[in-house]
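Heads up: the structure comes next, in C-alpha cells.
Numbering (our numbering), first residue to last: 5 to 258.
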C-alpha cells in the first residue's frame with residue numbers, strides 16, 4: 005500500500021502537496037513539458053525531477069542552489085559544466101558526485117579524499133593509472149578493492165600488506181608474478197590459494213607443507229616430481245588420497 009501511495013501522491017521536498025498554481029513553470033503544462041505526478045521539478049521524487057529536466061534542460065542552471073538535494077543532484081546532470089565546480093563542496097554526497105563526473109580529471113582528483121565513501125568509490129572507478137595510487141591507502145576497504153581491481157599490476161606491490169584479506173586476494177590475482185612467492189606467505193589461506201593458482205610447479209613446492217589443507221590439496225594436484233610421494237602421508241585424508249591418485253597418474257604418464 006505504501007508503494008501505491010508514493011506513486012499517486014505529489015509532495016514537495018517539505019512534504020507539502022505540490023501546488024501547480026504557484027509554480028513558476030505553469031506555461032510548460034499546456035505544451036506537456038511538465039505534468040503533475042510524472043514530470044515535475046517541485047516534486048520530491050528524483051525520477052519525476054529527472055523527467056522534468058530531460059524535457060527542459062535549459063532550466064537546470066537556475067536550480068543548482070535549490071534547497072532540496074535531489075533537485076540539485078538532477079540539475080547537475082543537465083546544467084552548464086562551467087557552473088558545476090561550486091557543487092564539489094555541496095553538503096550532499098549525491099550532488100558532489102553528479103557534479104564531478106561531468107568535470108575534467110583535475111576536479112575528480114580533488115574528491116579522492118571526499119568524506120563520503122560512496123563518492124570515493126565512484127571516484128576510484130573512473131580514475132586510472134598513477135591517479136589511483138593515493139587511493140590505495142583509503143580508510144574504506146571497498147575503495148581499496150576498486151583500486152586493486154584497476155591499478156597497474158606493477159604498482160600492486162604497495163598493497164600486498166593491506167589489512168583487508170579480500171584486497172590482498174585481488175592483489176594476488178593481478179600482481180606481477182615475481183611477487184607471488186611473497187604473497188604465498190600471506191596469513192590468509194585464501195590469499196595463498198590465489199597466489200598458488202598463478203605459480204609455477206617449482207614455486208609450488210614451497211607450499212606442500214602449508215598449514216591449510218586446501219592449499220596443500222591444490223598443490224598436490226599440480227605437482228609431478230618427488231614431492232608428490234612426500235605428500236602421500238599428509239595428515240589430511242583428502243590431501244593424502246589426492247597425493248596417491250596424483251602419484252599413480254604421474255607414474256602412468258598422465
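Quick reminder that beta carbons are idealized off the backbone N, C-alpha and C, glycines included.
Computed from a predicted structure; not experimentally measured.
Spatial neighbours of residue i in its chain, beta-carbon cut-off 7 Å, leaving aside the 5 residues before and after
i: residue 27; result: 46
i: residue 228; result: 205 and 254
i: residue 195; result: 169, 172, 173, 176 and 187
i: residue 248; result: 236
i: residue 138; result: 116
i: residue 202; result: 181 and 184
i: residue 92; result: 100, 103, 104, 111, 114 and 115
Presumed contact (8 Å Cβ cut-off) between residue i and residue j, rounded CB distance
i: residue 197; j: residue 222; result: 6 Å
i: residue 170; j: residue 155; result: Actually they are not in contact, since the Cβ atoms of residue 170 and residue 155 sit about 15 Å apart, beyond 8 Å.
i: residue 99; j: residue 83; result: Not really, about 11 Å apart at Cβ, beyond 8 Å.
i: residue 187; j: residue 162; result: About 13 Å; that fails the 8 Å criterion.
i: residue 64; j: residue 88; result: 10 Å between Cβ atoms; not a contact.
i: residue 152; j: residue 160; result: 7 Å
According to DSSP, residues forming a beta bridge with residue i
i: residue 43; result: 39
i: residue 15; result: 21
Exposure label - residue i; buried when at least 16 CB within 10 Å
i: residue 189; result: exposed
i: residue 35; result: exposed
i: residue 21; result: exposed
i: residue 232; result: buried
i: residue 130; result: exposed
i: residue 74; result: buried
i: residue 25; result: exposed
i: residue 191; result: exposed
i: residue 86; result: exposed
Sequence-distant residues of its chain with Cβ nearer than 6 Å to residue i (five each side left out)
i: residue 37; result: 59 and 60
i: residue 17; result: 48 and 72
i: residue 157; result: 178, 179 and 180
i: residue 41; result: 14
i: residue 261; result: In the structure as shown, the chain starts at 5 and stops at 258, and residue 261 therefore has no counterpart that could be examined.
i: residue 145; result: 168
i: residue 55; result: 43
i: residue 29; result: 38
Residue i, enclosing alpha helix (DSSP H) - first and last residue
i: residue 30; result: 30 to 34
i: residue 54; result: 50 to 59
i: residue 185; result: 184 to 187
i: residue 179; result: It is not in any alpha helix (DSSP H) - residue 179 carries neither H nor E in the DSSP assignment.
i: residue 212; result: Careful: residue 212 lies outside any alpha helix (DSSP H) and carries neither H nor E.
i: residue 234; result: 231 to 234
i: residue 194; result: 193 to 200
i: residue 80; result: 73 to 80
i: residue 151; result: 145 to 154
i: residue 246; result: 241 to 255
i: residue 127; result: 121 to 130
i: residue 167; result: Element bounds for residue 167: n/a, residue is neither H nor E.
i: residue 113; result: 109 to 113
Beta-carbon contacts of residue i that lie in its chain and below 8 Å, excluding the five residues immediately before and after
i: residue 7; result: Low confidence applies to residue 7: its pLDDT is 46, below 50, so where it sits in the model is not reliable, and the reading given next is rough at best. Hits under 8 Å: none found.
i: residue 122; result: 97 and 101
i: residue 220; result: 211, 212, 213, 214, 235, 238, 240 and 243
i: residue 12; result: 41
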